[in-house]
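Working notes for the structure below.
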Amino acid sequence: MRTELHFDQDWTNNFIKQIEEDGPWANWELFKLAIEAEKHTAIPSFTGLQAPAHLPHLTPHPYQLEAARRVVEEMNGKAILADEVGLGKTIEAGLIIKEYMIRGLVKKVLILVPASLVSQWAIELNQKFYIPAVVQRKSYVWDQCDVIVSSIDTAKREPHRSIVYDQQYDMVIIDEAHRLKNNRTKNYEFVQHLPKKFCLLLTATPVQNRLDEVFNLVSLLKPGHLGSYENFEKDYKGKEKSVEDEERLKALIQKVMVRNRREDTGMDWPERIVETVPITLSPEEEDLYRSVEALKKEPVATRSQFSIITLLREICSSREAAYMTLKKMLEKENVSDHARALMNELIKKIEGVPTNSKAQKALELIQSIEGKVIIFTEYRATQIYLQWFLKEHGITSVPFRGGFKRGKKDWMKELFKNHAKVLIATEAGGEGINLQFCQHVINYDLPWNPMRIEQRIGRIHRLGQESDVHIYNFATKHTVEEHILTLLYEKIQLFESVIGQLDEILTRLGMRDIEKHISDILLHSESEGEIRIKMENIKELINYQQNQKEDTDATRKYS
Amino acid sequence: MRQENIHNYLRSYFVANDCAILNERPGALSVQLTVQLDKELMNRPFYWHYLEKIGGTPRPMSLSLITNQHIEENGEFIHFGAPRLHQIFSSTKKLASYIRLYEEIPTSPHQQLPLHPWLGLNIKVSYQCDRKKHRLLSLGLHLVSGAVVSDFHDLLLTKSLTPKIPDYTFTISPIIKPSSGLTRLEGVVDMLVSQEEHSWADEAKKRWAADQLLLDQFYDGSTDVESYQVEKEALRKQYEPVITVDIINGGIFYLGPGVESEA
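So the sequences go chain by chain: A and B.
Just so you know, we're using UniProt numbering here: the first sequence kicks off at 1 and counts up by one.
Just so you know, we're using UniProt numbering here: the second sequence kicks off at 1 and counts up by one.
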């Protein structure tokens, strides 16, 4: 069957009218210019990228251009962009949107991103790509603007939801798409029902090895690409995966996914200079720590009401953090008198701690650094304490938390950039802020999930960072912190290597929940020696897998 | 489009629209807009509405445009991707849709010459599936004999044309009416397009069918659910091959005799 032709009737109808009314007629110079303009803007070929010629201020890296080309030419405009953190997925997405807009295939675009990233996306699209993206702040924006940036939480709620469904978007972009890994959530269902002519899902978390999650993401993009849910369960889950099955699945996923790694980009990245900063507890702090540690032998400790490991970690951070946890424990119902007595005793000890050795060390370090510093802590109480403590010593700092509204986040970032020396961020604040102007990160306390470490470092070790990046890991001697840092993270070179591989390895080992593993080891080991041996085991396992992986990668390269 | 081309384009556009050039050097251009162009380009409807209400003196703005970014001057930098340039492109198209011109040929009071009517169309054909490309056509139809000339615009560029009928010439009345001329040229476009290779459309249909098959497997018979219908329709929009024919501009041209015999 041949393709149908559609003629533009408006022009011809008007033309007949002009003839009847004898004009008005256009000027010959303008008439010629109109043809010239068309010659310049007409697209001669289905293939190749037009966007770069429209973006003289932007010099994309070769791997970014290649990613855009593949999405348009090989993936038909539906893809998961899964570059490692900091490689510029937004640039790739921008190139793709621009390409489709230039070719007239896309007019209306919906960009759904975490609330903290909304204004950043709008600014980048406008400034770097001349795409008139508008932040959704009022409900009439949906109808009046073609390119909208919104948080998914706003878009999925009425009255917005119905308006969004009525819009007929040509392209849907979802940033931090790994949040859609669960197909039973409201967010998933909302996106599933959106018409997606072209669609990009952006995520920095490598998903290849988590079968359910990758199935859900791919099915959102291209339902059926990995089969139906039942068949997928049958083929890949439950039983041991055969090598052929695994290869077949990988090949399928690669058809819809672009994933660049730092090492494949062929670019010189600034170095990561990692330094461990040992902290010695003061006698009072030491006493407090040991008292909690001793509770391991108490029968109450085996019950969940006493989170010993949490308390130990908090004591290493700040007495304020530990105090908050104890207070919460006391407020719980059904606390036995014995437990209550133990808790009150600990609170007394906390009150007796005069200084914070770690904060003191942080202060010295910050004073010795010329540039700006980011401090990451897991605890809000520590964050507040540190801000007060630094201020006492004449150092200005700004706090940063995940719970901040988007406007406040942007404001805090600007304050940090222009007026403050230090930014103190809690874990939840890490995602989605770009702080390339800073070169120093203090891991004031360490998250036990290694993936989160990369999220932290990725804030500053990313495209646009021109100098080497310094990472200071604080570890309190003879405590849980030291176990984690020196027994495990340092040995597997967590801070130097980029995390993608580690995630794969942990998945293979069935240790996605490494946090829980470590907790168990620390809680149930009888002695220092036992902890040491068990940690050594994990390290060996990880290193073994790492070497194996390198071997297979190498054979693949040369085969 | 090179930066010098952009400069020349901008200059021609403003001059053709009767704007005064305030200042010009290589890579920089300042122009005084007319009322018409201010309304066309500057996007300030409230100002003009207000002014017309109170009957004040109109003050159209001036524009400073830079095409060489290393130049030390204030103004808007215009490059191929600049929204301003594309605004001017579409304004050009809007202002120059329909035309009527006469060829200036050497004549004398003793020898009056006939000018033959032509219908000229500049056409953009868009081939669209999940990808897109264009083909530009320029066709001329001799409204007396029905002869068709391709690359008509290039032919016109070799001639000297004027909006008023020159002295000592007279126009021959068309035998083919413009409206039936348009239908004839539509037929020509249809024929030209049908002679092209259509593998792109077949490939697109294959991609479409493949994705549709996956979708059916995914929903496994439960095709009455809403999300299935949404996805199915999205696939159609993504892949369905469509060819559209847009007319960029065109008009009636009275040309000296002889062109039709070359067709």
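Cβ coordinates follow ideal geometry from the N, Cα and C atoms, glycine included.
Practice item. Please report how far the alpha carbon of S317/A lies from the alpha carbon of Y444/A, in whole angstroms. Key: Sequence index remark: in the first sequence, residue 317/A carries index 317 (1-based). Sequence index remark: in the first sequence, residue 444/A carries index 444 (1-based). C-alpha separation (whole angstroms): 7 Å.
Exercise for review: Compare the C-beta of M1/B against all C-beta atoms of chain A and say whether one is closer than 8 Å.
Suggested key: The count along the second sequence starts at 1 and reaches residue 1/B at position 1. Output row for M1/B: interface = yes.
**Study point:** Cα-Cα separation between Y239/B and E74/A, rounded to whole angstroms
**Key:** Mapped onto the second sequence, residue 239/B falls at position 239. Mapped onto the first sequence, residue 74/A falls at position 74. Whole-angstrom Cα-Cα distance: 14 Å.
Review point. When the distance is taken between beta carbons, is I471/A closer than 8 Å to N441/A?
Key: For the purposes of this step, residue 441/A is identified with residue 441 of the first sequence, where counting begins at 1. For the purposes of this step, residue 471/A is identified with residue 471 of the first sequence, where counting begins at 1. The sequence shown places Val at residue 441/A, rather than the Asn named in the question. A contact, by the Cβ cut-off of 8 Å.
Check your understanding: Given that a residue counts as buried once 16 or more other Cβ atoms are within 10 Å of its Cβ, and exposed if not, what is T203/A?
Key -> In the first sequence, the residue the question calls residue 203/A occupies position 203. Answer is buried; the Cβ neighbour count reaches 16.
**Study point:** chain B contact for D8/A (CB, 8 Å cutoff)
**Key:** On the first sequence, position 8 is the one that residue 8/A refers to. Yes, D8/A lies at the interface with chain B (some Cβ there is under 8 Å from its Cβ).
Review point. Who are the neighbours of A42/A on chain B, taking C-beta pairs under 7 Å?
Key: Numbered from 1 along the first sequence, position 42 holds the residue referred to as residue 42/A. Within 7 Å of the CB of A42/A, the CB atoms of chain B belong to K124, H134, L136, in sequence order along the chain.
Review point. Which runs of the beta strand (DSSP E) spanning at least 3 residues fall entirely within the UniProt domain "Helicase ATP-binding" (70-224) of chain A, listed in chain order?
Key: With a minimum length of 3 residues, the unbroken runs of beta strand (DSSP E) contained wholly in the UniProt domain "Helicase ATP-binding" (70-224) of chain A fall at 78-81, 109-113, 133-135, 147-151, 171-174, 198-202.
Check your understanding: Using 8 Å as the limit for Cβ to Cβ distance, is W118/B near chain A?
Key -> In the second sequence, the residue the question calls residue 118/B occupies position 118. By this cut-off, W118/B is not an interface position.
Point to revise | Span of the alpha helix (DSSP H) around E186/B | key: For this step, residue 186/B is matched to residue 186 along the second sequence. E186/B -> alpha helix (DSSP H) spans 178-194.
Exercise for review: Under 8 Å by Cβ, that's how I've got F253/B and L192/B pegged, so tell me the actual separation to the nearest angstrom.
Suggested key: The count along the second sequence starts at 1 and reaches residue 253/B at position 253. The count along the second sequence starts at 1 and reaches residue 192/B at position 192. The Cβ separation is near 21 Å, so there is no contact.
Review point. If we cut at 8 Å on Cβ distances, does E29/A have a partner in chain B?
Key: In the first sequence, residue 29/A corresponds to position 29, counting from 1. By this cut-off, E29/A is an interface position.
Practice item. Would you kindly work out how many angstroms separate the C-alpha atoms of L109/B and R100/B, rounded to a whole number? Key: Your numbering for residue 109/B matches position 109 in the second sequence. Your numbering for residue 100/B matches position 100 in the second sequence. First, the amino acid is wrong: residue 109/B is Pro here, not Leu. Whole-angstrom Cα-Cα distance: 24 Å.
Review point. Along chain B, which residues have their Cβ under 7 Å away from the Cβ of P60/A?
Key: Against the first sequence, residue 60/A aligns to sequence position 60. Neighbours of P60/A on chain B: none; closest Cβ ~13 Å, over 7 Å.
Check your understanding: Going by DSSP, what residues sit across from Y472/A in a beta bridge?
Key -> Residue numbering aside, residue 472/A sits at position 472 when the first sequence is read from its first letter. Y472/A pairs with E275/A, I442/A.
Check your understanding: When burial is assigned at 16 or more other CB atoms within 10 Å of the CB, is V498/A buried or exposed?
Key -> Here residue 498/A is taken as the residue at index 498 of the first sequence, counted from 1. Note that V498/A has pLDDT 46, beneath the 50 cutoff, so the model's placement of it is unreliable and no number is given.
Review point. Apart from the five residues on each side of it in sequence, which residues of its chain come closer than 7 Å, Cβ to Cβ, to E65/B?
Key: For this step, residue 65/B is matched to residue 65 along the second sequence. The residue you asked about is not Glu; residue 65/B is Leu in the sequence shown. Cβ within range, chain order: L10, L29, G75, E76, I78.
**Study point:** Three-state secondary structure (DSSP) of Y9/B
**Key:** Within the second sequence, the letter at position 9 stands for residue 9/B. Helix, per DSSP.
Exercise for review: With 8 Å as the threshold, decide whether the Cβ of T92/B is near any Cβ in chain A.
Suggested key: By 1-based counting over the second sequence, the position of residue 92/B is 92. Closer than 8 Å: yes.
Practice item. In the DSSP assignment, find the unbroken alpha helix (DSSP H) run with V225/B in it and report its ends. Key: Along the second sequence, read from residue 1 onward, the residue named residue 225/B stands at position 225. No alpha helix (DSSP H) holds V225/B; DSSP gives it neither H nor E.
Point to revise | Rounded straight-line distance, which links the Cα of L110/A to that of A155/A | key: Translated into positions along the first sequence, residue 155/A becomes position 155. Translated into positions along the first sequence, residue 110/A becomes position 110. The straight-line gap separating the alpha-carbon atoms of A155/A and L110/A is approximately 10 Å.
Practice item. Keeping to the same chain, check which residues put their C-beta closer than 6 Å to that of Y98/B; ignore five residues upstream and five downstream. Key: Numbered from its first residue, the second sequence carries residue 98/B at position 98. Excluding positions up to five away in sequence, the list reads G251.
Review point. Helix, strand or coil: how does DSSP classify S261/B here?
Key: The sequence position of residue 261/B within the second sequence is 261, counting from 1. In the structure shown, S261/B sits in a helix (DSSP, three-state: H, G or I).
Review point. Any C-beta of chain A sitting closer than 8 Å to the C-beta of P45/B?
Key: As a position in the second sequence, residue 45/B is number 45, starting the count at 1. By this cut-off, P45/B is not an interface position.
Exercise for review: Apply the 10 Å Cβ neighbour rule to T12/A and answer buried if 16 or more other Cβ atoms are within range, or exposed otherwise.
Suggested key: Taking the first residue of the first sequence as 1, we reach residue 12/A at position 12. Buried.
Check your understanding: K477/A by DSSP, collapsed to three states: which one?
Key -> Counted from its first residue, the first sequence places residue 477/A at position 477. It is coil, neither helix nor strand.
Exercise for review: Taking all protein chains shown into account, decide if M267/A is buried (16 or more other Cβ within 10 angstroms of its Cβ) or exposed.
Suggested key: As a position in the first sequence, residue 267/A is number 267, starting the count at 1. The residue is exposed, with fewer than 16 neighbouring Cβ atoms inside 10 Å.
Review point. V31/B versus chain A: which residues are under 9 Å apart at the beta carbon?
Key: Residue numbering aside, residue 31/B sits at position 31 when the second sequence is read from its first letter. Ordered by position in chain A, no residue passes the 9 Å Cβ test against V31/B, which lies about 15 Å from the chain.
Check your understanding: Can a CB atom of chain A be found closer than 8 Å to the CB of K237/B?
Key -> The residue labelled residue 237/B in the question sits at position 237 within the second sequence. So yes, K237/B belongs to the interface.
Check your understanding: Just reading off the alpha helix (DSSP H) that V353/A is part of, what are its end residues?
Key -> The residue labelled residue 353/A in the question sits at position 353 within the first sequence. Per DSSP, V353/A belongs to no alpha helix (DSSP H) and is neither H nor E.
Exercise for review: Please say whether A381/A and E293/A have beta carbons closer to each other than 8 Å?
Suggested key: As a position in the first sequence, residue 293/A is number 293, starting the count at 1. As a position in the first sequence, residue 381/A is number 381, starting the count at 1. It is not a contact, given that the beta carbons lie outside the stated cut-off.
Review point. A53/A touches chain B at which residues, Cβ-Cβ below 7 Å?
Key: Residue mapping note: residue 53/A aligns to position 53 of the first sequence, counting from 1. Those are F80, listed as they occur along chain B.
Check your understanding: Does the beta carbon of T223/B sit closer than 8 Å to a beta carbon anywhere in chain A?
Key -> The residue you call residue 223/B lines up with position 223 of the second sequence. Proximity of T223/B to chain A, defined by a Cβ-Cβ separation below 8 Å, is not satisfied.
Review point. Which residue's Cα is closest to the Cα of P241/B: A234/B, W200/B, G146/B?
Key: As a first step, residue 241/B must be located in the second sequence, where it is residue number 241. Nearest C-alpha to P241/B: W200/B.
Check your understanding: When DSSP builds the beta bridges, which residues end up paired with I243/B?
Key -> Looking up residue 243/B in the second sequence gives position 243. BP columns for I243/B point to L5/A, Y127/B.
Check your understanding: So residue 591/A packs on I542/A, CB below 8 Å; how close in whole Å?
Key -> Lying outside 1 to 559, the shown extent of chain A, residue 591/A is not represented and no answer is given.
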